[in-house]
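>
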Amino acid sequence: MLFRSEDGTEQKIEFFSRDQLPLAVALVVDRSGSVAPLMHEVQSAAYQALQLLKADDQVCLFTFARNVELLEGLTSNRQRVANRIGSIQAGGGTAIADAVSEALRYLNATAIDSRRAVILISDNQEGSSSVSVSSVVDSALESEAVVYSVKVGNDGGNVLGLP
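According to this note's numbering, numbering within the sequence shown proceeds without interruption in unit steps and concludes at 444.
1. Output the distance between the C-alpha atoms of Ser-415 and Ala-305, rounded to the nearest integer angstrom.
2. Do we get a CB-CB distance below 8 angstroms when we pair Ala-421 with the residues of chain C?
3. Could you check the C-alpha separation between Phe-343 and Leu-385 for me, to the nearest Å?
4. Going by Cα to Cα distance, which pick from Asp-379, Asn-358, Arg-365, Lys-335 is closest to Ala-346?
5. Are there 16 or more other CB atoms within 10 angstroms of the CB of Leu-308, so buried, or fewer, so exposed?
6. Please report the Cβ distance between Val-433 and Glu-322, rounded to the nearest whole angstrom; I am assuming they are in contact, meaning their Cβ atoms lie under 8 angstroms.
7. Report the residue ranges of all beta strand (DSSP E) runs contained in full by the region 359 to 407; include only those spanning at least 3 residues, in chain order.
8. Work out the CA separation of Ile-393 and Leu-422 for me, nearest whole Å.
9. At which residues does the beta strand (DSSP E) containing Asp-311 begin and terminate?
10. Counting pairs of beta carbons, one from the region 358 to 367 and one from the region 397 to 412, are three or more of them closer than 8 angstroms?
11. What is the residue span of the alpha helix (DSSP H) that Ser-430 lies within?
12. Go ahead and pull the three-state DSSP assignment for Val-418.
13. Could you tell me the distance, in whole angstroms, from the CA atom of Ala-426 to the CA atom of Leu-302?
14. Taking the C-alpha atoms as reference points, what is the distance between Asp-311 and Ala-327?
15. Spatial neighbours of Leu-508 within its chain, please: C-beta separation below 6 angstroms, excluding the five flanking residues on both sides.
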């Protein structure tokens with residue numbers, strides 16, 4: 282049990298919270314060939330996620346097809362991230378698990394004192410990841426990061442089994 286002193290009286294510490302820490306968000310945007318007809322919807326979802334962040338939150342932008350690319354490092358400059366979202370073009374395979382894994386790894390290395398979240402925007406049609414879904418889930422749990430999956434389009438399931 283942990284205790285602290287408050288006004289000369291020992292108090293038992295029963296609850297820790299990270300709620301006051303800033304939020305570091307990785308937007309992970311699918312740019313694979315399967316989302317080409319949905320690219321406007323994908324970009325719109327990314328813009329909406331960006332608008333929901335608070336002023337002191339930071340965001341980075343990843344895109345993926347067969348390969349994962351960091352387009353914008355962790356920043357509070359929403360306009361720069363929005364500009365990069367607008368430049369995303371579709372084409373190639375799909376490596377969802379690799380992309381989420383890379384985003385988690387990046388947040389763990391760069392946002393040490395922040396709460397961490399990954400927002401995946403995809404049609405959720407996994408294709409060619411080298412990382413297993415169970416490994417991604419383990420990484421998210423170990424890093425205490427929350428992973429949200431925003432599904433666009435009408436087909437496909439939620440590959441990672443996440444909300």
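Backbone N, C-alpha and C define an ideal beta-carbon position, used for all residues, glycine too.
What you are looking at is a predicted structure, and each value in this text was computed from that prediction instead of being measured.
The relevant details are as follows:
1. 23 angstroms
2. Structure shown: chain C not included; a single protein chain is present.
3. 11 angstroms
4. Asp-379
5. buried
6. 5 angstroms
7. 396 to 403
8. 15 angstroms
9. 304 to 311
10. no
11. Here Ser-430 belongs to no alpha helix (DSSP H); instead the beta strand (DSSP E) covers 427 to 432.
12. helix
13. 13 angstroms
14. 10 angstroms
15. Any property of residue 508 remains undetermined from this structure, which presents the chain solely from 282 to 444.
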